[in-house]
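J.: In the working numbering, the protein residues as written are 66 to 623.
All residues carry an ideal CB built from backbone N, CA and C; glycine is no exception.
Got a structure for you, written out below as structure tokens; questions coming shortly.
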Amino acid sequence: MHVELPCKYPYAEHTEGLRVLFQRMEEGREGRVGKWSRTVTEKGSPSPNAMLRVLLSAQASSARLSGLLLLPQVQPYCLGPGKWGDRPPGGAPHAVPVQGLQRLLEQARSPGELLRWLGQNPTKVRAHHYPVALRRLGQLLGSQPRPPPVEQATLQDLSQLIIRNCPSFDIHTIHVCLHLAVLLGFPSDGPLVCALEQEQRFRLPPKPPPPLQPVLRAGLRLEAALSCPRFQRHPQHHLIRSLAEARPEELTPHVMVLLAQHLARHRLREPQLLEAIAHFLVAQEAELNSKVVQKLVLPFGRLNYLPLEQQFMPCLERILAREAGVAPLATVNILMSLCQLRCLPFRALHFVFSPGFISHISGTPHALIVRRYLSLLDTAVELELPGYRGPRLPRRQQVPIFPQPLITDRARCKYSHKDIVAEGLRQLLGEEKYRQDLTVPPGYCTDFLLCVSSSGAVLPVRTQDPFLPYPPRSCPYTTRDPAQRVVLMLRERWHFCRDGRVLLGSRALRERHLGLMGYQLLPLPFEELESQRGLPQLKSYLRQKLQALGLRWGPEGG
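Structure, rendered in structure tokens:
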């Protein structure tokens with residue numbers, strides 16, 4: 066007999082229908098296994114398989130299911146000798162003692178005797194004996210008008226025997242045992258049914274994930290959209306609607322951190338999404354620690370975007386005051402993002418520049434990177450916060466901020482215009498009149514640096530000190546060094562947000578600080594560089610740029 070079972074094994078509801086089913090199954094037994102393959106036994110009369118599927122499609126409570134054990138005048142329930150008596154599933158017929166145990170189980174007169182045959186013959190019990198025992202238990206409970214009460218311990222012992230041995234069952238035996246256990250009234254959340262269902266999952270191949278439904282929770286749809294390749298080109302189509310439809314409980318810190326990291330990684334300056342992150346940070350202030358907050362504020366500094374949310378800065382100041390001593394690196398990371406936005410809170414600066422904080426981070430694995438960030442913060446205080454009167458980073462603790470070209474520039478060097486610009490300057494000015502990749506105090510790497518006299522003549526770099534004094538307030542400008550320092554700044558495509566109009570926060574910070582230190586900046590935008598066709602056009606372009614600043618070189622600049 067082959068019985069098609071629903072995935073969750075819903076229970077039969079009507080005892081009268083089950084009685085009819087059992088009678089039809091007994092009638093079918095007379096015709097052996099062949100009759101069970103029919104789908105219709107008589108015209109207009111459903112087959113036992115069809116009846117069983119109908120009965121199993123109805124849900125029933127535990128109380129109704131327990132009532133199935135008390136059916137009066139029901140014929141013995143049997144799957145047919147062709148399935149279990151003649152040939153056990155999954156192999157050849159067993160030896161005579163094993164078949165003898167099967168007959169003993171089929172002829173047991175009480176649940177207690179059934180359990181004794183199983184417990185006293187452990188060497189003869191095979192996997193197919195347990196479905197026989199469960200089937201006989203159903204017969205004993207359904208064949209008498211008033212079946213005797215069954216002790217709970219007997220059912221528990223039988224359950225434990227099956228649970229202990231079900232790892233050795235084949236998939237068919239597990240199916241039959243699970244079906245019979247449900248029909249006998251074992252609870253769906255009990256140990257027997259749970260153990261059999263778990264073994265069934267182990268045997269069956271994993272199901273493919275169901276296709277995404279058109280209506281998903283907004284939080285899940287947000288995560289799905291982040292992995293979509295089209296998101297980088299059309300983020301509004303994927304995420305803005307998800308954020309608008311999301312309920313507050315669906316926007317978890319994990320989802321919002323994922324969104325923040327995606328925006329920062331792909332340089333996506335989307336105001337609606339950034340405002341949503343700022344609003345989430347303010348709304349969940351009490352629940353967030355600094356390690357999560359550093360990831361949420363990362364895109365604001367990197368994308369050079371100060372949110373309109375009025376409580377954004379007060380919220381961050383409260384979080385810094387609460388968490389500053391807990392996670393030093395996270396604290397400094399938050400301040401780095403705020404430094405790019407020119408929104409450094411004095412109270413937090415007092416804390417990170419205090420001797421206790423500096424001493425604490427000195428013995429940590431990330432001491433060097435924290436000192437580098439503190440050096441940049443100290444530079445920002447020096448150049449941008451003239452009203453600050455708190456502690457500063459001691460000179461012995463300061464390290465170069467960016468002693469070499471940034472990682473993104475090194476990774477994309479084959480796409481950069483630096484080499485062709487260097488060749489254009491070499492042919493235009495001569496190698497002695499510019500320096501490439503020179504790091505100036507307090508640690509900013511410049512693309513190209515020129516020294517220019519007061520009359521506008523480009524001077525050989527070796528005859529001049531290429532560095533301007535730092536800090537500028539301690540070394541005021543004098544007429545003894547009238548030369549200017551001109552820095553040519555390559556503005557490559559990846560130095561901007563994806564919209565191509567706003568410089569990334571780190572680039573804007575470097576240009577801002579170099580300008581405050583006294584360097585004259587000459588930007589070379591990627592749109593202009595990409596429009597030059599070949600070295601001759603590029604040389605003409607550089608000549609126009611330098612002459613626009615009043616610079617002279619060659620015989621006329623001598």
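Looking at the unbroken alpha helix (DSSP H) that takes in residue 553, where does it start and where does it end?
T.: That residue, residue 553, is in no alpha helix (DSSP H); its beta strand (DSSP E) goes 549–556.
J.: If you count every other CB in all the chains shown that lies within 10 Å of the CB of residue 203, and 16 or more means buried, which is it?
T.: Buried is the call here.
J.: Answer yes if the stretch 548–563 comes into contact with the stretch 516–535, meaning at least three C-beta pairs across the two stretches below 8 angstroms, and no otherwise.
T.: Short answer: they touch.
J.: Who are the near neighbours of residue 388 in its chain, counting only those whose CB is closer than 8 angstroms to its CB and skipping five residues on each side?
T.: Cβ neighbours of residue 388 beyond the five flanking positions: 354, 355, 358, 395 and 396.
J.: Is the beta carbon of residue 369 closer than 8 angstroms to that of residue 555?
T.: Cβ atoms of residue 555 and residue 369: not closer than 8 angstroms.
J.: Taking all protein chains shown into account, do 16 or more other C-beta atoms lie within 10 angstroms of the C-beta of residue 429, making it buried, or fewer, making it exposed?
T.: Answer is exposed; the Cβ neighbour count stays below 16.
J.: Among all the DSSP beta bridges, which residues are the ones paired with residue 522?
T.: Residue 522 pairs with 617.
J.: Count the other C-beta atoms from every protein chain shown that fall within 10 angstroms of the C-beta of residue 366, then say buried if there are 16 or more, exposed otherwise.
T.: So residue 366 counts as buried.
J.: Is it a yes or a no for the stretch 374–383 touching the stretch 418–428, going by three-plus beta-carbon pairs under 8 angstroms?
T.: No, the stretch 374–383 does not touch the stretch 418–428.
J.: Rank 575, 577, 610 and 562 by C-alpha distance to the C-alpha of residue 336 and give the top, closest one.
T.: Of 575, 577, 610 and 562, the residue nearest in Cα terms is 562.
J.: Just reading off the alpha helix (DSSP H) that residue 416 is part of, what are its end residues?
T.: Segment 411–417, the alpha helix (DSSP H) holding residue 416.
J.: Is it buried or exposed for residue 498, if we count other Cβ within 10 angstroms and need 16 for buried?
T.: Counting Cβ neighbours within 10 Å, residue 498 comes out buried, since at least 16 surround it.
J.: Which term fits residue 390, buried or exposed, when burial requires 16 or more other beta carbons within 10 angstroms of its beta carbon?
T.: With fewer than 16 Cβ atoms within 10 Å of its Cβ, residue 390 is classed as exposed.
J.: Report the residue from 454, 513 and 317 whose alpha carbon sits nearest the alpha carbon of residue 503.
T.: Of the listed residues, the one whose Cα sits closest to residue 503 is 513.
J.: Taking C-alpha atoms, which residue in 477, 410 and 432 lies nearest to residue 454?
T.: Comparing Cα-Cα distances from residue 454 to each of 477, 410 and 432, the minimum goes to 410.
J.: Per DSSP, what kind of secondary structure is residue 176 in: helix, strand or coil?
T.: DSSP places residue 176 in helix when its eight states are reduced to three.
J.: Run the CB neighbour count on residue 440, radius 10 Å, all protein chains shown included, and call it buried at 16 or more, exposed below.
T.: Residue 440 is buried by the Cβ-count criterion.
J.: Who pairs with residue 509 in a beta bridge, going by DSSP?
T.: Per DSSP, 505.
J.: For residue 223 and residue 266, what's the separation of their Cα atoms in angstroms?
T.: The straight-line gap from Cα to Cα measures roughly 22 angstroms.
J.: Curious, which full-length alpha helix (DSSP H) runs of at least 4 residues does the stretch 420–481 contain?
T.: Counting whole runs of 4 or more residues, the stretch 420–481 contains the alpha helix (DSSP H) stretches 420–427, 432–449 and 472–476.
J.: Locate the beta strand (DSSP E) running through residue 368, then write down its first and last residues.
T.: Premise fails: residue 368 is in no beta strand (DSSP E) and is neither H nor E.
J.: Would you grab the beta carbon distance between residue 495 and residue 616 for me? Rounded to a whole angstrom, and I think it's under 8 angstroms.
T.: Not confirmed; about 13 angstroms, so no contact.
J.: Assign residue 588 to one of three DSSP states: helix, strand, or coil.
T.: Here residue 588 sits in strand by DSSP.
J.: Is the Cβ of residue 573 closer than 8 angstroms to any Cβ of chain B?
T.: In the structure shown, chain B does not exist; there is a single protein chain.
J.: Just to confirm the assignment, what range does the alpha helix (DSSP H) spanning residue 402 have?
T.: Residue 402 -> alpha helix (DSSP H) spans 393–405.
J.: Leaving aside the five residues before and after residue 625 along the sequence, list all residues of the same chain whose C-beta is less than 6 angstroms from its C-beta, in chain order.
T.: No information on residue 625 is available, as it lies outside the stretch 66 to 623 that the chain covers here.
J.: Once DSSP output is grouped into helix, strand and coil, what is the label at residue 339?
T.: Helix, per DSSP.
J.: Whole-angstrom Cβ separation of residue 243 and residue 261, contact assumed at under 8 angstroms?
T.: The pair is a contact, with the Cβ atoms about 4 angstroms apart (cut-off 8 angstroms).
J.: Between residue 517 and the rest of its own chain, which residues show a CB-CB distance below 7 angstroms, the 5 nearest in sequence each way excluded?
T.: Closer than 7 angstroms at Cβ, skipping near neighbours: 523, 524, 548, 549, 551 and 616.
J.: Work out the CA separation of residue 572 and residue 442 for me, nearest whole Å.
T.: Roughly 15 angstroms separates the two Cα atoms.
J.: Kindly indicate which residue of 452, 444, 478 and 402 has the alpha-carbon position closest to the one of residue 462.
T.: Considering only alpha carbons, the answer is 444.
J.: Which of helix, strand or coil does DSSP assign to residue 247?
T.: Reduced to three states, the DSSP call for residue 247 is helix.
J.: Given a cut-off of 8 angstroms, decide if residue 364 and residue 415 are closer than it, judged by their beta-carbon atoms.
T.: No, these two residues do not count as a Cβ contact at 8 angstroms.
J.: Tell me the rounded alpha-carbon separation between residue 174 and residue 205.
T.: Taking the straight line from one Cα to the other gives about 7 angstroms.
J.: Look up residue 491 in the DSSP assignment and say whether it is helix, strand or coil.
T.: Residue 491: helix per DSSP, three-state reduction.
J.: For the alpha helix (DSSP H) that residue 380 lies in, which residues bound it at each end?
T.: That run of the alpha helix (DSSP H) goes 377–388.
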